[in-house]
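Heads up: the sequence lines are chains C and D, in that order.
Residue numbers for the first sequence follow the numbering used here, so the first one is 564 and each next one is one higher.
Residue numbers for the second sequence follow the numbering used here, so the first one is 1285 and each next one is one higher.
All residues carry an ideal CB built from backbone N, CA and C; glycine is no exception.
Heads up, the thing below is written out as structure tokens.
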Amino acid sequence: SQQGEEDPQALSIQEGENATMNCSYKTSINNLQWYRQNSGRGLVHLILIRSNEREKHSGRLRVTLDTSKKSSSLLITASRAADTASYFCATNTGGFKTIFGAGTRLFVKA
Amino acid sequence: GAVVSQHPSRVICKSGTSVKIECRSLDFQATTMFWYRQFPKQSLMLMATSNEGSKATYEQGVEKDKFLINHASLTLSTLTVTSAHPEDSSFYICSARSPSGLAGGIRETQYFGPGTRLLVL
């Protein structure tokens, strides 16, 4: 079963622009994580935000979490062609299962 | 950092045969491992939760007799796709979590393997 919905499903931007991806989920969570996946490859963990946190930064990444709206956003600033990948949000509920959203396919044009 | 490996990385088999995929945590003990399946251009779907020394817990709609999971040690879980058919062709990814977390890591974080691409002819 999938917990989250992400939008947009696909995003195409120019290098240097910012990319914003949104994720909504349905049930209460312990934390929410964002992952990156290059085509046909494994997952790379980007950032984890706990349910009692509202915002977190890591390099060019900024993640927000609004538990009242059950939503999160991932902002990548000053995007690069190498950021081209699929990005997934994933939620942890009780029992430590990680449930993934549908993902956003980001394409950064050089 | 934590490393989870999978073997094989790619496998092609004939319809009707069984395929075993291994998932190993290389530098930590994983009491719980998870198996996911990903079809092209889709998200990861959790198949089952594998607990060391006990039976796996399968998600709704996943046939436990078709996808056999064995978590015999704290560093190894295996997924066997029995009597594979072309519709089982997919990317299978495992993940592992350490109950106590890792030095410098976050307890809640799962560590994902690189995935195994299965093609059933």
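- Residue contact check for D:Lys1348 against chain C: no CB pair falls below 9 Å.
- Contact between the stretch 1318 to 1326 of chain D and the stretch 1368 to 1379 of chain D is established, with three or more Cβ pairs separated by less than 8 Å.
- Note: D:Leu1403 is bridge-paired with D:Ile1296 in the DSSP secondary-structure output.
- Sixteen is the threshold: since fewer than 16 other Cβ atoms of the shown chains lie within 10 Å of the Cβ of C:Arg617, the residue is exposed.
- Among the residues facing chain C, D:Ile1377 is included, as its CB has a counterpart in that chain under 9 Å away.
- Counting along the chain, the unbroken beta strand (DSSP E) around D:Asn1335 starts and ends at Leu1328 to Asn1335.
- With contact defined as three or more Cβ pairs closer than 8 Å, the stretch 660 to 670 of chain C and the stretch 1285 to 1296 of chain D are not in contact.
- Around D:Phe1396, the beta-carbon contacts reaching into chain C at under 9 Å are Tyr598, Gly605, Leu606, Val607 and His608.
- Inter-residue distance for D:Asp1311 and D:Cys1378 is about 16 Å (C-alpha atoms, whole angstroms).
- Residues of chain D whose Cβ lies closer than 9 Å to the Cβ of C:Lys619 do not exist; the shortest such Cβ separation is about 12 Å.
- Under the DSSP assignment, C:Lys672 falls in the beta strand (DSSP E) whose first and last residues are Thr667 to Lys672.
- Listed by position along chain C, the residues whose Cβ is nearer than 7 Å to that of D:Gly1337 form an empty set, because the closest Cβ is around 17 Å away.
- For C:Lys660, the neighbours in chain D by C-beta distance under 8 Å run, in chain order, Phe1318, Leu1330 and Thr1333.
- Closest in C-alpha terms to D:Cys1307, from the list D:Ala1368, D:Ala1356 and D:Leu1328, comes D:Ala1356.
- Three or more pairs of CB atoms, one per stretch, sit closer than 8 Å, so the stretch 591 to 602 of chain C contacts the stretch 639 to 650 of chain C.
- Under the 9 Å criterion on CB atoms, C:Gly664 is classed as interfacial with respect to chain D.
- Between the alpha carbons of C:Asn655 and D:Tyr1395 lies a gap of roughly 14 Å.
- One Cα belongs to D:Arg1401, the other to C:Thr640, and the distance between them is close to 32 Å.
- Pairing C:Leu574 with C:Gln596 gives a Cβ-Cβ distance that is not under 9 Å.
- Excluding sequence positions up to five before and after C:Thr661, its CB lies within less than 8 Å of the CB of Gln596, Ala653, Thr654 and Asn655, all in the same chain and listed in chain order.
- Contacts with chain D at 9 Å (Cβ-Cβ) do not include C:Phe670.
- When DSSP states are grouped into helix, strand and coil, C:Glu569 belongs to the strand group.
- In this model, C:Ser642 and C:Ala582 are separated by some 7 Å (Cα to Cα).
- Boundaries for D:Gln1394: no beta strand (DSSP E) harbours it, and the DSSP string shows neither H nor E there.
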